[in-house]
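Novice:
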Amino acid sequence: MDLSVIDCFVKVADARSISAASRLHRLPKSTLSHRIRQLEDEFGMELFVREGHHLHVTDAGSELLRHARRIQASCEDAATALAEMRQEVAGTLRVGSTGEFGTTITSELLYAFRQQYPQVNLDVVFLTSRQPFSDVTEQALDGIFHWGEPLDVDYISRRLSTASYGLYASPDYLARHGTPETTDELGAHRGLIFRQPTRPQSWYLAQNGRSEIDILPAANCIANDYWTLKYFAVAGEGLAYLPGFFVETECENGILVPVLPQWRSPETAINLIYSRRRHVSRRFKAFVEFCIEFYRGREGKRIPRYYVEKVG
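All residue numbers in the sequence shown are consecutive under the numbering used here, ending with 317.
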């Protein structure tokens, strides 16, 4: 079986569209279509079924995809083994990330890793917070950045850092509505609320690990995207409950300020999770070591950071 045909099949399966795979990998649509038909003719069964604008793998396609990923992984392992004979850190690293903070945490770490190991190519997949790790295994990911403690004990988990939520608002909003001095005053303010899959996220805050409050104020904006809430907070539309690392640059530039800074949520872990395996490549060993060291000196690294900027 031609490996290039297998590679085209995986590209189309991942993109769920021949057109999307063509644009993403700069391959002619005719080439991709021909190679999919070549596989279907060879096996005598359909590998994809169309639903709307997307292609979905059939049962046969799913089985082939499972084996195709193993074939690709074996080829990648062979290339890695040869690179390691030259004492190089090289090859493709497939990384997943859960949570809504990928561009703030995951992207900057991966960028810094690439600066140190430029021969490593990155393949990054952002996952839903409710996606089971069994699905991740099918995608042959080397590791996953996970917000919170993992539930699956079959995976190795390395804690990289911790973070906590707090309340933030723009100076303009506080100048118009006043700065809360106690938690009792929060009810009089407008909330920018995150929508979780089953319910709105309340503001759970504690002071010095003793006093605790859990409130859900009236909201003038509810969204299931933290970047939208941060945008509205910078624009002066209310108080937002956000992780400290997520608003670092906005606070440094004075367009957001902490509100009741002595009240924060308990610390939440940021973990790197990966499966147990006999052979660990030089590439992934270097990646794990880099991730652990990254957060020890993150503030001093010169890396691009994304943030909301107030213009005018």
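Yeah, the Cβ is synthetic: ideal placement off N, Cα and C, and Gly gets one too. All values reported here derive from a predicted model rather than from experimental measurement.
With a Cβ-Cβ cutoff of 9 angstroms, do Q77 and I149 count as a contact?
Specialist: Indexing the sequence shown from 1 puts residue 77 at position 72. Indexing the sequence shown from 1 puts residue 149 at position 144. For Q77 and I149, no; Cβs fall outside 9 angstroms.
Novice: By Cβ distance below 7 angstroms, which residues in the same chain neighbour H30 in space, the five residues on each side in sequence not counted?
Specialist: Mapped onto the sequence shown, residue 30 falls at position 25. Only K16 meet the Cβ criterion.
Novice: Report the residue from Q212, I220, P222, F289 whose alpha carbon sits nearest the alpha carbon of P271.
Specialist: Taking the first residue of the sequence shown as 1, we reach residue 271 at position 266. Minimum Cα distance to P271 is reached at Q212.
Novice: Measure the CB-CB distance between L244 and F199 and report whether it falls below 9 angstroms.
Specialist: By one-based count along the sequence shown, residue 244 stands at place 239. By one-based count along the sequence shown, residue 199 stands at place 194. No, Cβ-Cβ distance for L244 and F199 is not below 9 angstroms.
Novice: Alpha carbons only, please: which of I275, K306, R21, R303 is nearest the one belonging to L165?
Specialist: To locate residue 165, count along the sequence shown from 1; it is residue 160. The shortest Cα separation from L165 among I275, K306, R21, R303 belongs to I275.
Novice: Hey, could you find the ends of the alpha helix (DSSP H) H58 is sitting in?
Specialist: Along the sequence shown, one-based indexing puts residue 58 at 53. Looking at the DSSP string, H58 is not in any alpha helix (DSSP H), and its letter there is neither H nor E.
Novice: Tell me which same chain residues have a C-beta within less than 7 angstroms of the C-beta of G249, skipping the five on either side of it?
Specialist: Taking the sequence shown and counting its residues from 1, one reaches residue 249 at position 244. Contacts found: A168, S169, G171.
Novice: Beta strand (DSSP E) containing P33: first to last residue?
Specialist: As a position in the sequence shown, residue 33 is number 28, starting the count at 1. Element bounds for P33: n/a, residue is neither H nor E.
Novice: Could you tell me which of S24, D46, A18 sits nearest to V54, measuring between CA atoms?
Specialist: Residue mapping note: residue 54 aligns to position 49 of the sequence shown, counting from 1. Selected option, being the one with the closest Cα: A18.
Novice: Report yes if the CB atom of T103 is closer than 9 angstroms to the CB atom of L132, and no otherwise.
Specialist: Here the question's residue 103 lines up with position 98 in the sequence shown. Here the question's residue 132 lines up with position 127 in the sequence shown. The answer is yes: Cβ separation under 9 angstroms.
Novice: Which of helix, strand or coil does DSSP assign to H194?
Specialist: Walking along the sequence shown from the start, residue 194 turns up at place 189. If DSSP states are grouped into helix, strand and coil, H194 belongs with coil.
Novice: Are I227 and P205 closer than 9 angstroms when you measure CB to CB?
Specialist: The residue given as residue 227 occupies position 222 in the sequence shown. The residue given as residue 205 occupies position 200 in the sequence shown. Yes, the pair counts as a contact, with Cβ atoms nearer than the cut-off.
Novice: Three-state secondary structure (DSSP) at T233?
Specialist: For the purposes of this step, residue 233 is identified with residue 228 of the sequence shown, where counting begins at 1. Looking at T233 - three-state DSSP - the assignment turns out to be helix.
Novice: At 4 residues or longer, what runs of the alpha helix (DSSP H) sit wholly inside the region 232 to 274?
Specialist: Complete alpha helix (DSSP H) runs here, min 4: 253 to 257.
Novice: Are at least three pairs of beta-carbons, each pair with one atom in the region 175 to 184 and one in the region 287 to 303, less than 8 angstroms apart?
Specialist: Counting Cβ pairs under 8 angstroms, fewer than three are found: no touch.
Novice: In angstroms, rounded to a whole number, what distance separates the CA positions of Y122 and Y231?
Specialist: For this step, residue 122 is matched to residue 117 along the sequence shown. For this step, residue 231 is matched to residue 226 along the sequence shown. Looking at the two C-alpha atoms, the distance is approximately 31 angstroms.
Novice: Flag this pair as yes or no: are the beta carbons of Q124 and E93 separated by less than 9 angstroms?
Specialist: Reading the sequence shown from its first residue, position 119 is the one you call residue 124. Reading the sequence shown from its first residue, position 88 is the one you call residue 93. Cβ atoms of Q124 and E93: closer than 9 angstroms.
Novice: May I ask whether a heavy atom of the ligand NAD can be found less than 8 angstroms away from the beta carbon of R287?
Specialist: Ligands displayed in this structure: none; no statement on the ligand NAD is therefore possible.
Novice: With respect to the beta strand (DSSP E) encompassing Y173, which residues constitute its N-terminal and C-terminal limits?
Specialist: In the sequence shown, residue 173 corresponds to position 168, counting from 1. Here the beta strand (DSSP E) through Y173 covers 170 to 174.
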